[in-house]
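As they're listed, the protein sequences go chains W and C. So for the first sequence, the numbering used here puts the first residue at 5; every next one is plus one. So for the second sequence, the numbering used here puts the first residue at 5; every next one is plus one. Yeah, the Cβ is synthetic: ideal placement off N, Cα and C, and Gly gets one too. All of these numbers come straight from a predicted model, not from anything done at the bench. Notes to accompany the following structure.
Protein chains: 2
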Amino acid sequence: MRQYIEQITGLLPDEDWNLYQQHLKVWKAKKGQTILPLGKTCQTIWHMTKGAVRKLEVDNGIEKTTHFYVAPKIFTVLHSALTGEPSDLAIICEEDCEFLTLDIEKLQNLYQKSIYIERVGRRMAEEEFIEEFSMRRMFLKLDALQRYEYMEQKHPDILMRFQLKDVATFLGITPETLSRLRKLRFSV
Amino acid sequence: MRQYIEQITGLLPDEDWNLYQQHLKVWKAKKGQTILPLGKTCQTIWHMTKGAVRKLEVDNGIEKTTHFYVAPKIFTVLHSALTGEPSDLAIICEEDCEFLTLDIEKLQNLYQKSIYIERVGRRMAEEEFIEEFSMRRMFLKLDALQRYEYMEQKHPDILMRFQLKDVATFLGITPETLSRLRKLRFSV
DNA sequence: GTTCGAACTTATCATTTGTCAAGTGGATTG
DNA sequence: CAATCCACTTGACAAATGATAAGTTCGAAC
Numbered sequence: 005m006r007q008y009i010e011q012i013t014g015l016l017p018d019e020d021w022n023l024y025q026q027h028l029k030v031w032k033a034k035k036g037q038t039i040l041p042l043g044k045t046c047q048t049i050w051h052m053t054k055g056a057v058r059k060l061e062v063d064n065g066i067e068k069t070t071h072f073y074v075a076p077k078i079f080t081v082l083h084s085a086l087t088g089e090p091s092d093l094a095i096i097c098e099e100d101c102e103f104l105t106l107d108i109e110k111l112q113n114l115y116q117k118s119i120y121i122e123r124v125g126r127r128m129a130e131e132e133f134i135e136e137f138s139m140r141r142m143f144l145k146l147d148a149l150q151r152y153e154y155m156e157q158k159h160p161d162i163l164m165r166f167q168l169k170d171v172a173t174f175l176g177i178t179p180e181t182l183s184r185l186r187k188l189r190f191s192v
Numbered sequence: 005m006r007q008y009i010e011q012i013t014g015l016l017p018d019e020d021w022n023l024y025q026q027h028l029k030v031w032k033a034k035k036g037q038t039i040l041p042l043g044k045t046c047q048t049i050w051h052m053t054k055g056a057v058r059k060l061e062v063d064n065g066i067e068k069t070t071h072f073y074v075a076p077k078i079f080t081v082l083h084s085a086l087t088g089e090p091s092d093l094a095i096i097c098e099e100d101c102e103f104l105t106l107d108i109e110k111l112q113n114l115y116q117k118s119i120y121i122e123r124v125g126r127r128m129a130e131e132e133f134i135e136e137f138s139m140r141r142m143f144l145k146l147d148a149l150q151r152y153e154y155m156e157q158k159h160p161d162i163l164m165r166f167q168l169k170d171v172a173t174f175l176g177i178t179p180e181t182l183s184r185l186r187k188l189r190f191s192v
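So this is what it looks like as structure tokens:
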């Protein structure tokens, strides 16, 4: 996990890593388990060392996937964690998972104590922002078929590990449409 | 500008602000002027104290607006600035503007010197991420008319200050469709 | 004041995508 | 093994949006 963090954020000195590591707790969850339910304030940063999860919202009773995460990956529900408001997103394990969890509150304290940990926070947020923007550009530029093809190229692992109906809502289309597009592709 | 920053990021002590302020340069630009052309690496963070700008990409020869910024606002092209790669986005003044500019390189140095400035960077990135994600959710949830109505509610100033054709591409629709939707609204 | 050009509107038709309903196949459970 | 459930597919039709083209309005330039 330290290696994963340093890969994104640059060197994290021993002293700062130890400070950080102290507050991590090991946690396991089974496939199908909801690690953050709708309406609960997000108070945790998950460091997923194994498995895969899906983040989703419910719109008019219909699930819409907003993110797929595959280990190793660090995630939270930032707008809930920062404001303390109930999360309008849920997180569900799609495989058996293992996490190192960290309380948001503790992280906020660590930010005060270490410029390196503060930097980890900045770099993570920057990376997430860039990723999120690239997703929005996908919607601006590409039609449904092209968005699917983009997924095939950039995130083939997601197509392998998650259900197609969830990929469909992630791409902003219905499962029926995704099914038709896939058929189209093979016939061409 | 200091007040604007502190509003987002919390207290910035005198010492740290002075360090930051030293490197800011005043810069003015006229309406219509391109402050960052396509293909040029972004090396600047603009602190817009007056005016309004538009950030855009060009897709198959067609301009698509990705962001509207209204003073006071801090912005850059993050993925270009961080990697040094040429920007695939351009920034154009839609009004006469005044900026305080800061070199990315200098900012990176300041990050090393002040945990408060590092924090400004983190908080800015977090805010941008949340905003960007909320934009993507708009595409996942809402059809074209609803996206327009969302803009009316959340960002009425943008509808006032920018051209409709640019709002249309920002919403992922053609100017003709936006025109039809607006007509529809009045007749209901 | 006139001319010109660009933004915006309107209309028609084509295309894409959604909705609803039914069918298929594979995995799980009893 | 049989029954069941759920993901996925397929088909027919409806609705939303795009493409093209023409018309209108308004402001800027001469």
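Taking 9 Å as the CB threshold, L149/C stays off the interface with chain W. A straight line joining the alpha-carbon of L163/C with that of L111/C spans about 33 Å. Contact check for F133/W and F133/C: beta-carbon distance about 4 Å, within the 8 Å limit, so the pair qualifies. For F79/C, no Cβ of chain W is located within less than 9 Å of the residue's own Cβ. Across the set E99/C, R151/C, L86/C and D161/C, the C-alpha of L86/C shows the shortest separation from the C-alpha of A129/C. The beta carbon of A129/W sits closer than 9 Å to some beta carbon of chain C. Using a Cβ-Cβ cut-off of 7 Å, L42/C is close to nothing in chain W; its nearest Cβ partner there is about 15 Å away. Between F137/W and T69/W, the beta carbon gap of about 19 Å keeps them out of contact (Cβ cut-off 8 Å). In the displayed model, I134/C falls within a helix according to three-state DSSP. Cβ contact annotation for I108/C (same chain, cutoff 6 Å, sequence separation greater than five): Q47 and A85, in chain order. Rounded to the nearest angstrom, the Cβ distance from V74/C to L93/C is 18 Å, too far for a contact under 8 Å. The Cβ neighbour count for V171/W, taken over all protein chains shown within 10 Å, is at least 16; the residue is labelled buried. With fewer than 16 other CB atoms across the displayed protein chains lying within 10 angstroms of its CB, V62/W is exposed.
Residue ranges of uninterrupted alpha helix (DSSP H) with 4 or more members, entirely inside the segment 93-174 of chain C and ordered along the chain, are 108-117, 119-145, 148-158, 160-165 and 168-174.
Under the Cβ distance rule, F143/C counts among the residues neighbouring chain W, one pair being separated by less than 9 Å. Rounded to the nearest whole angstrom, the C-alpha separation of H159/C and L23/W is 42 Å. Taking the C-beta atoms as reference points, R6/C is found no nearer than 9 Å to Q26/C.
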